[in-house]
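In the numbering used here, the protein residues as written are 963 to 1117. Backbone N, C-alpha and C define an ideal beta-carbon position, used for all residues, glycine too.
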Amino acid sequence: MKGLTPFFRKIVLFLLCGFLYFAIEIIYRGYSHVSMFLLAGLLGVFFIDTPNNIFGFQLDYLLQVFISTFFCVLGEGITGYMVNVKMGLNVWDYSRLFGSFFYGQCNVFFVIIWMILIAFVGIPFCDAYNYYVCKDEEIPYYQILGKKIFQFPPR
């Protein structure tokens, strides 16, 4: 896909992230909602893929995970507030669970799940897409406290 416009690359990444999260929800809960597809696509493009595109792979991996998690939880809270509280669609409601916040749309347990998904699926998935499919030149790698912990195999 080298030579494709950055916009088209982001559209494909949006669709892939949306489908991936939609599938995870169906496997876990047995159902999902179109709002989750849209949210996951947007979060994948703008908040999971973007930090190391802006700061490079030398950005500490834990910091990248925390940045992405923060914005994903914020996105979940805003989307949940609009879709569930304001529109009344009742796609999800964590208000009865311990550790809920953002009008019952976010929960500490699910923040941890988001963090794990971002660290072990989201960021590597986006980087693999950029490197192997879109043929970006730099080989993705991750480092923690200045020590390289993982590097993608060369294509």
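In three-state DSSP terms, what is residue i?
i, result
"Arg1075", "It is Ile, not Arg, that sits at residue 1075 in the sequence shown. If DSSP states are grouped into helix, strand and coil, Ile1075 belongs with the helices."
"Gln1026", "helix"
"Phe1060", "coil"
"Cys1096", "coil"
"Val1035", "helix"
"Met1044", "helix"
"Asp1089", "helix"
Who are residue i's beta bridge partners in DSSP?
i, result
"Tyr1104", "Phe1112"
"Cys1068", "Phe1063"
Find the nearest neighbour of residue i within the set the options, judged by alpha-carbon distance.
i, options, result
"Val1027", "Thr967, Phe1082, Gln1067", "Phe1082"
"Tyr1104", "Leu1024, Ser994, Phe1009", "Leu1024"
"Phe976", "Ile989, Asp1011, Leu1051", "Asp1011"
"Phe1033", "Trp1054, Val1007, Phe1087, Val1047", "Val1007"
"Gly1066", "Leu1051, Gly1050, Ile1078, Tyr1043", "Tyr1043"
"Leu1107", "Gly1037, Asp1022, Phe1087", "Asp1022"
Which residue marks the beginning of the alpha helix (DSSP H) containing residue i, and which one marks its end?
i, result
"Tyr990", "968-991"
"Met998", "996-1005"
"Ile1016", "1012-1017"
"Ala1081", "That residue, Ala1081, is in no alpha helix (DSSP H); it is neither H nor E in DSSP."
Report back the beta-carbon spacing between residue i and residue j to the nearest angstrom; my notes put them in contact at under 8 Å.
i, j, result
"Pro1102", "Phe1019", "6 Å"
"Val1035", "Cys1068", "6 Å"
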